[in-house]
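Here the protein sequences line up with chains A and B, keeping their order. Residue numbers for the first sequence follow my numbering, beginning at 662 and rising by one. Residue numbers for the second sequence follow my numbering, beginning at -11 and rising by one. First up is the structure itself, then whatever we jot down about it.
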Amino acid sequence: MIKKPLNKFLFKALLFTMPVFLFFEILFRFGFSPIVTNSTLFDLKMLKVQQQHIEKVSVLSMGSSINLYELNSNIVVRNFNLHYYNFASWGLQMVDQDPLLKDFVKTYHPKYVVICSSFPEFISPQNNSYLNYINANGFLKKNFPELFYFKNYNSLHQIVRRKLTTYPLKLDNWGGATLRVKQKDIDRQKWNEHDIFPTRYTQANYNALDSISTFLNVQKVKFIFVQAPIKKSYTNTSLSTQLIQLHFERCKSIVEKQGGIYLNYYNPVVFTDSLFFDQYHLQDTGAIIFTKEVVADLKKIIK
Amino acid sequence: MLFTSLPFVCFFVIFFLLYWYVFSGNLKLQNVLILTGSYVFYAWWDWRFLFLLIGSSALNYILGIYIDKSKNEKQRSLLLWIGLVQGLGCLLFFKYFNFFIKSFISAFGAFNVKADIYTLNIILPLGISFYTFRTISYLLDLKSGKIKPATDWVVFFSYVAFFPSLLSGPIDRPKTLIPQLEKKRVFDYSQASDGMRQILWGLFKKIVIADNCSLFNAGIFDHYKTLSASSLLFGAFLFTIQVYADFSGYSDMAIGLANLLGFKITRNFNYPFFAQNIADFWRRWHISLTSWLTDYVFMPLSVYFRDYGKSGLILAILINFTLIGAWHGANWTFVFFGFLNGCFYIPLVLRGTLNKKKKAGGQSALKAFANMAGMFILLMFTFLIFRADSLSQAFDYYGKLFSSSLFSGFVITEKLNTAVILLCIAIMLLAEWLQRDKQHALQIDAIKIFPVRALIYFGLIFVILSFNATKNADFIYFKF
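This is the structure:
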């Protein structure tokens, strides 16, 4: 007896909810992706990974914009007959990479993990929004990312604003990107910028690197930590040279303690200031030189 | 589980389908489902406190049986006292233990006496104030013969833990909810539709208005020392709106959910911003709490003090309101907030206008509007105490508020967002004003053309989806 009004009620309820779901599906298809973390690039990259159906990655590279721009995907892929993917994203600190990498290792089962890094990855606190991604259900991440619209209370105006204000970055098929800015277009402020290092968050980031090394050692994944080049003018005082040297030694000892491999490419003679975009980002030409050097060394490790 | 969270939506959809499609033919099974669902809902937050809820329900159920059976008045009083001591004891322990200890330490400290008393790391069980008041009113009503004991333990346990109103009210009375649990429920299309509309309205108030106000005024209250007085005034305005939208939004959702299950639960808000004076306001704000305290605290007190005339009445009001304030939390700010509201009654008592309701058309629209505006300003300043972490912070805020910069402009960092939120507040107030003789603002059955109604619903859904605050704040009243 009650079924008739109940069915009518459910039908009307569906009539009102279905257009909402449909609307979000259309948004999704048109590239207005859900906001999962507060990093636009990270969200885009994870969506790309999902769309590319990447199941297994043998050589997984990870890091911040340094790893993203400086490890040239074409050179890496040409030299290794292994599945490779670059999971780096803007602004990732070691404290962010630690939980993310653990999640990626469990998902993609890599044999090698390469982190191209420099001191900017050791200066800021953790960005808790990455936990939204890490703690999300694996099935949801892989098959139904649209649900993040509702799970994270994404509002339309934020989704649209993010889409319209995103820096148009073109990722290659392996998650890498190229930085190409003409010398005359380089922002002078960025060029002369001098990040303070160390900061009160540096120790936490060293601890995170230690945690990554230990984890990879336990998982029997070969860890290769690559110190990326730094613009010579950054180290123009004896204090900054000393601080950078201390940083190199600290990272080396952490990585090697757990059986990882530490490679350092700080070489102002090879990587002259003209190859840089700012204090620590190499442009495309510099990235090619750098990647070739890295690959030559990796060939001795990655079989 | 927050009503606004994805897990709750999934939980409720499954619950609803089971409730009406599978168990609708069997009242007992339907009640068992309500009880199980309520416990799952509660345990989602912290399963350990489920034992407290079950234990409290069991004790009060047994006490109720014996109060009803006993013919000996002394024995009945003793049983009632056992229930009161258990309920109020748990409430005092979980909610006020550390507050009392810290207050004692401060009091001793004022006389240069160092008191080495330890505080405990006590977690406040969610909803304890609400379900304790339910069990207390059950025993009190049973003792005074107003109700019969619950026929079945599942009914009583479900009454105590009824999930739509478990965490933040409304505080349902046994005479309202228990008979509904004992009676076979039939799906009523119009009731369910109205429930959906009320949920939609509650969502709008909570996630568009309250959560956005929360984001804005958090910035203002956290940096009040460095901001201009006009910014602080704006913060006070937003917080007043936030408290109302947050709590009444939750109540709307709770009532709407209950409607979907075939229950009619107590109304908690009756457009309090349209109140003409303080007495009118408290008849419209958190109605289930104020009526509870009126029946069980104020009425006995006013009888007790009746020989003292107006002074006795004022005393009863002050005690009642101090308790209302203290109910909100273990902080002197709440106690003072309640006491201050009690003080606002004094002119009404002295003028003899306490219970006089303004007749419709008895005063000019301008006067009515002026009264409402005056009340809102008074509330704005009073709710500052409610918001502050301590009394000294509240007075500091007042000090900065009443300064020369009150008439200066203030810096708005996100102009578009501010304009949108102000527009949404205006829509809320206007809709509620137009619908003030209805149960909620979205009761628009008078519009007979379905596409127009549908347009309004979709419009509201669009606003909710477009401007909801990304950071979903907890309901303010959860911590009470």
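Glycine included, every Cβ here is placed at the ideal spot set by N, Cα and C. Remember, it's a predicted structure, so these values are computed and weren't measured experimentally.
Check whether residue i and residue j have beta carbons under 8 Å apart
{"i": "residue 748(A)", "j": "residue 836(A)", "result": "yes"}
{"i": "residue 878(A)", "j": "residue 920(A)", "result": "yes"}
{"i": "residue 151(B)", "j": "residue 25(B)", "result": "yes"}
{"i": "residue 156(B)", "j": "residue 118(B)", "result": "yes"}
{"i": "residue 742(A)", "j": "residue 952(A)", "result": "no"}
{"i": "residue 757(A)", "j": "residue 788(A)", "result": "yes"}
{"i": "residue 773(A)", "j": "residue 857(A)", "result": "no"}
{"i": "residue 722(A)", "j": "residue 728(A)", "result": "yes"}
{"i": "residue 206(B)", "j": "residue 389(B)", "result": "no"}
{"i": "residue 237(B)", "j": "residue 198(B)", "result": "yes"}
{"i": "residue 469(B)", "j": "residue 19(B)", "result": "What is shown of chain B runs -11 to 468, which leaves residue 469(B) out entirely."}
{"i": "residue 891(A)", "j": "residue 940(A)", "result": "yes"}
{"i": "residue 340(B)", "j": "residue 325(B)", "result": "no"}
{"i": "residue 821(A)", "j": "residue 932(A)", "result": "no"}
{"i": "residue 292(B)", "j": "residue 128(B)", "result": "no"}
{"i": "residue 751(A)", "j": "residue 700(A)", "result": "yes"}
{"i": "residue 737(A)", "j": "residue 882(A)", "result": "no"}
{"i": "residue 44(B)", "j": "residue 74(B)", "result": "yes"}
{"i": "residue 165(B)", "j": "residue 267(B)", "result": "no"}
{"i": "residue 783(A)", "j": "residue 755(A)", "result": "yes"}
{"i": "residue 183(B)", "j": "residue 244(B)", "result": "yes"}
{"i": "residue 456(B)", "j": "residue 862(A)", "result": "no"}
{"i": "residue 887(A)", "j": "residue 828(A)", "result": "no"}
{"i": "residue 149(B)", "j": "residue 23(B)", "result": "yes"}
{"i": "residue 168(B)", "j": "residue 251(B)", "result": "yes"}
{"i": "residue 229(B)", "j": "residue 257(B)", "result": "no"}
{"i": "residue 277(B)", "j": "residue 315(B)", "result": "yes"}
{"i": "residue 49(B)", "j": "residue 144(B)", "result": "yes"}
{"i": "residue 188(B)", "j": "residue 448(B)", "result": "yes"}
Those residues which DSSP pairs with residue i across a bridge
{"i": "residue 924(A)", "result": "887(A)"}
{"i": "residue 943(A)", "result": "937(A)"}
Segment limits, alpha helix (DSSP H) that includes residue i
{"i": "residue 284(B)", "result": "Here residue 284(B) belongs to no alpha helix (DSSP H), and DSSP marks it neither H nor E."}
{"i": "residue 323(B)", "result": "320 to 332"}
{"i": "residue 226(B)", "result": "217 to 248"}
{"i": "residue 361(B)", "result": "353 to 375"}
{"i": "residue 706(A)", "result": "701 to 712"}
{"i": "residue 69(B)", "result": "61 to 79"}
{"i": "residue 266(B)", "result": "266 to 272"}
{"i": "residue 303(B)", "result": "297 to 316"}
{"i": "residue 781(A)", "result": "No alpha helix (DSSP H) contains residue 781(A), which DSSP labels as neither H nor E."}
{"i": "residue 156(B)", "result": "Here residue 156(B) belongs to no alpha helix (DSSP H), and DSSP marks it neither H nor E."}
{"i": "residue 9(B)", "result": "Neither: residue 9(B) is in no alpha helix (DSSP H) and is coded neither H nor E."}
{"i": "residue 899(A)", "result": "899 to 918"}
{"i": "residue 382(B)", "result": "379 to 389"}
{"i": "residue 14(B)", "result": "That residue, residue 14(B), is in no alpha helix (DSSP H); it is neither H nor E in DSSP."}
{"i": "residue 56(B)", "result": "38 to 57"}
{"i": "residue 863(A)", "result": "863 to 879"}
{"i": "residue 164(B)", "result": "162 to 170"}
{"i": "residue 679(A)", "result": "664 to 690"}
{"i": "residue 768(A)", "result": "755 to 769"}
Residue range of the unbroken beta strand (DSSP E) whose run includes residue i
{"i": "residue 722(A)", "result": "720 to 723"}
{"i": "residue 773(A)", "result": "773 to 778"}
{"i": "residue 745(A)", "result": "745 to 747"}
Cβ-heavy atom distance, residue i to the ligand MN, below 7 Å
{"i": "residue 738(A)", "result": "The ligand MN is not among the ligands present in this structure, which contains no ligands whatsoever."}
- Item | Unbroken stretches of the alpha helix (DSSP H), 4 residues or longer, contained in the region 790 to 832 of chain A | Uninterrupted alpha helix (DSSP H) stretches at least 4 residues long and entirely within the region 790 to 832 of chain A occur at 791 to 795, 799 to 804, 809 to 812 and 817 to 826, given in chain order.
- So, do the region -6 to 6 of chain B and the region 82 to 94 of chain B have three or more beta carbon pairs nearer to each other than 8 Å? no
- At which residue ranges does the region 125 to 154 of chain B contain complete alpha helix (DSSP H) runs of 4 or more residues, listed in the order of the chain? 141 to 149
- Message: Across the region 374 to 384 of chain B and the region 166 to 182 of chain B, are there enough close Cβ pairs to call them in contact, namely three or more that are closer than 8 Å?
- Response: Counting C-beta pairs closer than 8 Å gives fewer than three between the region 374 to 384 of chain B and the region 166 to 182 of chain B, which falls short of the contact rule.
- How do the region 355 to 368 of chain B and the region 218 to 238 of chain B stand: do at least 3 beta-carbon pairs fall below 8 Å, yes or no? Judged by Cβ distances under 8 Å, the region 355 to 368 of chain B makes contact with the region 218 to 238 of chain B, as three or more pairs qualify.
- Item | Cβ pair count under 8 Å reaching 3, the region 801 to 813 of chain A against the region 435 to 443 of chain B | no
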